[in-house]
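If you read the sequences in order, they're chains G and E. Going by my numbering, 166 is the number at position 166 of the first sequence; the sequence numbering is gapless. Heads up: take any position in the second sequence, counting from 1, add 369, and you land on my numbering. Just so you know, even glycine gets a beta-carbon here, dropped at the ideal spot from N, CA and C. For clarity, every value in this text was computed on a predicted model and none was experimentally measured. A short worksheet on the structure shown next.
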Amino acid sequence: MVRVFQKVLPNSFQRRINMNKKWRVCVIGAGVIGLSTAVNIVENIPDAKVTVIAEKMTPNTTSDGAAGIWLPPNALNDHELGTDVNRIRKWCIETREHLGNLCRSSEAGNAGVQLLTGYHLFKTKNDSNEHMYDTELFPRYNLLSEDQSKPYSEYKYGSHFTTYLAECRRYLPWLMNRFLRHGGVLQEGKIKSLEELIGKFDIVITCVGVGAKSLLGDESMVAVRGQLIKVSAPWMKNFVRTFSSSEDASDMYIYPGVDVVSLGGTYQVNNCDEENDQGDIDRISKNVAEVVPALKNVKPLFCWTGIRPCRKNGVRLELDMVEYGKDKLPVIHNYGHGSFGIIVHWGCALEATDLVRKCLSQLRLTSRL
Amino acid sequence: MHYSGLLYFRYSRTRKQWSDATFKYLSRLLREEHANTAGVHLASGYHVFKEVVKDPDWSGSVYGFRTISESDDELKMFPGYKHGWFFTSIMCEGPRYLPWLTARFKLQGGIMIKKHLDSLEQLSGQYDVVVNCSGLGAYSLVNDKSVYPIRGQLLRVEAPWIKHFVAYDDFVIYIFPGDRTIALGGTHQYKDWRETNDEEDCEVIFKECCKLVPSLKKSKVLYKWAGLRPGRLSVRLEKENVKFGNRRLKVVHNYGHGGGGISLHWGCAQHAARLVRDILEEVPLASCKL
């Protein structure tokens, strides 16, 4: 009956029917990448009806455990972000602008975004890791000279800088509320194959992180295990991180979030063990107590292990066309951010939204034919 | 807050010595296991101004002092402000520090007596030396009419995402993150003896702080508090031989620190202790109890 109507109606009316059509967009994944992508789509593309489907939601996603510190990279490992430095820098700057605006707005507390100052410390110049950071992008960055007085005087060298921190246990619920307020739909569930979504959605965005290996068969994913201890120490107002190139494994970090302080960490490549490791916990506690003895007797709230979704050749952020028999499904991938999820998330979300826009203009054209 | 930027004191060499000694002491305490119990923690932040100002004379005494000018991006956080200082100092919070100091004192055999004194004469014949740290109380206790209150109103709010202190212009309005609460202040009301809260003061403080840091609008106000800073043209830190009829009492005065109590306390305490030692060494052998 409808088809007959469409043949008879003049073009202008046909266009009005298309204008009322809502395109069914599915975002798989509700971590920082999934939610920020979903928010950008739902706020900027009026005819997109967005559903986020995820097996895990906050506070159980990988993002939830991360300390959340914003550290833009300079040189990168094989399996972190990739080699397109201009593109990565753009993502970093866009994310920085977003976090800075949030910080200065009345929403900073609700969103869990804070300005944070602190120290990187190293005992010899060789131990320094500062070349790994794009230090020009920090709101403030100062390299400390040897003779400059510092609170941690046993460290001869270091840097003192100001950056942002987004605590996902507040940030993800805040993003979720923003998403829902704009008509987004949240669905808990595990997608075992993209084929399940054929006929139900017009576009799919995979923000699946470590899940890319099983869902998409992406063998270039590299699991990098991180161990953290979460404590309550609201008097810690600065971050501290030590670097050591020697075998003594004395590195540690202390990142004060909004509600908890994260102590860490580990960077164990090809380790996907999600259980807490007492050896790691003991080493982190010992290293932290060396630098901030006041944290020695603070009881941990909980320990947390996360697997960073690292990927050889970096982030996969691109449009793909997946075919199942005669059915075609446009898929936009946005995964493999490794240690840098929070650092680049908003820039990647903007780029993914652009890809959705381009994809939808194609779909709108073909749907009129 | 260990902040040596006092406005109603003339900058003097002695004051800088007391301030530096206090900072050195607090920076050692910061690295000890009981730093948290003692209420001591590192604090970074900003002091911003509507006009360009000279660097303060204590710039070398704190950590990482830097000037921020209009060309710096950071000043964008403070619209309307043309100049600023960024530095890291040490916060020392009374509600935890005082009990910790008291415990330390008692551990060394010190005795605490809670008592009101009308005059030092009540102590003559009982003590060899009296150290007078009565603050504003010196007005009546030792009849020092040059002491006057400087009333300060503040609010305590819950806003754990605020990690930096901010002070504005002449330091009347400020945002100081403490352990679990943020102090929003304040006022500088000379010769105002009111220790009760003033609702109008509170409204102005909250409004001004929210203008400067909008996210404070969503903070929870926990309680309000007013205190009287013990103002005086300069700190009185000196020996005095007080006469009561034919009796004498040796006194070391240590009061009148205004808003700089915490910033100066340890240096002043060391100085006062030296004066006490001087006095005790003066005591003739005959009058010593053996």
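Below 7 Å CB to CB, which residues in the same chain sit around G660(E) once its five sequence neighbours on both sides are set aside?
-> For residue 660(E) there is no data in the structure shown, the boundaries of chain E being 370 and 659.
Secondary structure at F455(E), three-state DSSP: helix, strand or coil?
-> Locating residue 455(E) in the second sequence gives position 86, counting from the first residue. Three-state result, F455(E): strand.
Boundaries (first-last residue) of the alpha helix (DSSP H) holding F179(G) = The sequence position of residue 179(G) within the first sequence is 179, counting from 1. Unbroken alpha helix (DSSP H) run through F179(G): C168 to R181.
Mapping DSSP to helix, strand and coil, what is C502(E)?
-> Residue 502(E) sits at position 133 when you count from the first residue of the second sequence. Note: C502(E) maps to coil in three-state DSSP.
Span of the beta strand (DSSP E), counted from its first residue to its last, around N334(G) = Working through the first sequence from its first residue, we reach residue 334(G) at position 334. Start and end: D327 to Y335.
Reference S220(G); option with closest CA among N313(G), Y253(G), T266(G) and I254(G) | Residue mapping note: residue 220(G) aligns to position 220 of the first sequence, counting from 1. S220(G) has its Cα closest to that of N313(G), out of N313(G), Y253(G), T266(G) and I254(G).
Can you check whether the CB of I203(G) is closer than 9 Å to the CB of L360(G)?
-> Looking up residue 360(G) in the first sequence gives position 360. Looking up residue 203(G) in the first sequence gives position 203. Result yes, Cβ atoms of L360(G) and I203(G) sit closer than 9 Å.
Buried versus exposed call for Y660(E) [16 or more other C-beta atoms within 10 Å across all chains shown] = It is not possible to answer for residue 660(E), since the shown part of chain E is limited to 370 through 659.
Show which residues of chain G have a CB atom less than 9 Å away from the CB atom of P583(E).
-> Residue numbering aside, residue 583(E) sits at position 214 when the second sequence is read from its first letter. Per Cβ cutoff of 9 Å: R104, S105, S106, E107 and A108.
Chain G beta carbons: is any one of them nearer than 9 Å to that of H334(E)?
-> There is no way to answer for residue 334(E), as the model of chain E reaches only from 370 to 659.
How is R646(E) classed by DSSP in three states: helix, strand or coil?
-> Numbered from 1 along the second sequence, position 277 holds the residue referred to as residue 646(E). Correct three-state label for R646(E): helix.
Who does E318(G) pair with in a DSSP beta bridge?
-> Taking the first sequence and counting its residues from 1, the one referred to as residue 318(G) is at position 318. Note: E318(G) sits in a beta bridge opposite H333(G).
Coarse secondary structure for S159(G), derived from DSSP in three states = As a working mapping, residue 159(G) is identified with position 159 in the first sequence. S159(G) falls in the strand class under three-state DSSP.
Extent of the continuous beta strand (DSSP E) to which H416(E) belongs | Taking the first residue of the second sequence as position 1, residue 416(E) is located at position 47. Start and end: V409 to F418.
Let me know the secondary structure DSSP gives L165(G) once reduced to three states.
-> Start at 1 with the first residue of the first sequence, and residue 165(G) comes out as number 165. Of the three classes helix, strand and coil, the one that applies to L165(G) here is strand, per DSSP.
Where are the alpha helix (DSSP H) runs, 4 residues long or more, that stay fully inside the segment 557-640 of chain E, in chain order?
-> Note on the segment 557-640 of chain E: whole alpha helix (DSSP H) runs with a minimum of 4 residues are 568-581, in chain order.
Can you give me, in chain order, the residues of the segment 483-497 of chain E that have a beta carbon less than 7 Å from any beta carbon in chain G?
-> none
Between the Cα of F392(E) and the Cα atoms of Y543(E), G429(E), L505(E) and F418(E), which residue gives the shortest distance?
-> Reading the second sequence from its first residue, position 23 is the one you call residue 392(E). Comparing Cα positions, the closest option is G429(E).
With which residues is W23(G) paired in a DSSP beta bridge?
-> Against the first sequence, residue 23(G) aligns to sequence position 23. Answer is A48(G).
C-alpha distance - F540(E) paired with M446(E), whole-angstrom precision = For the purposes of this step, residue 540(E) is taken as the residue at position 171 of the second sequence. For the purposes of this step, residue 446(E) is taken as the residue at position 77 of the second sequence. Answer to the nearest angstrom: the Cα atoms are 18 Å apart.
With respect to the alpha helix (DSSP H) encompassing P464(E), which residues constitute its N-terminal and C-terminal limits?
-> Translated into the one-based positions of the second sequence, residue 464(E) becomes position 95. Segment G463 to L476, the alpha helix (DSSP H) holding P464(E).
With 16 other CB atoms within 10 Å as the buried threshold, where does I482(E) fall?
-> In the second sequence, the residue the question calls residue 482(E) occupies position 113. Flag for I482(E) reads exposed.
Could you give the DSSP three-state label for W346(G): helix, strand or coil?
-> Sequence index remark: in the first sequence, residue 346(G) carries index 346 (1-based). W346(G) falls in the helix class under three-state DSSP.
Quick one: is N512(E) buried, meaning 16 or more other Cβ sit within 10 Å of its Cβ, or exposed?
-> Locating residue 512(E) in the second sequence gives position 143, where the first residue counts as 1. Flag for N512(E) reads exposed.
Three-state secondary structure (DSSP) of N271(G) = For the purposes of this step, residue 271(G) is identified with residue 271 of the first sequence, where counting begins at 1. N271(G): coil per DSSP, three-state reduction.
Quick one: which residues of the segment 235-248 of chain G get their C-beta closer than 8 Å to a C-beta of chain E? List them in chain order.
-> W235, M236, K237 and N238
Are the segment 191-211 of chain G and the segment 31-38 of chain G touching, with three or more C-beta to C-beta distances below 8 Å?
-> yes
Name, in chain order, the residues that DSSP records as bridge partners for T206(G).
-> Stepping through the first sequence from its first residue, residue 206(G) is reached at position 206. I28(G) and H333(G), per the DSSP bridge assignment.
Are the segment 571-581 of chain E and the segment 540-553 of chain E in contact at 8 Å, needing three or more beta carbon pairs?
-> The segment 571-581 of chain E and the segment 540-553 of chain E touch, with no fewer than 3 CB-CB distances between them shorter than 8 Å.
May I ask you to check if the CB of R643(E) is nearer than 8 Å to at least one heavy atom of the ligand COA?
-> Annotation note on the ligand COA: not contained in the displayed structure, which lists no ligands.
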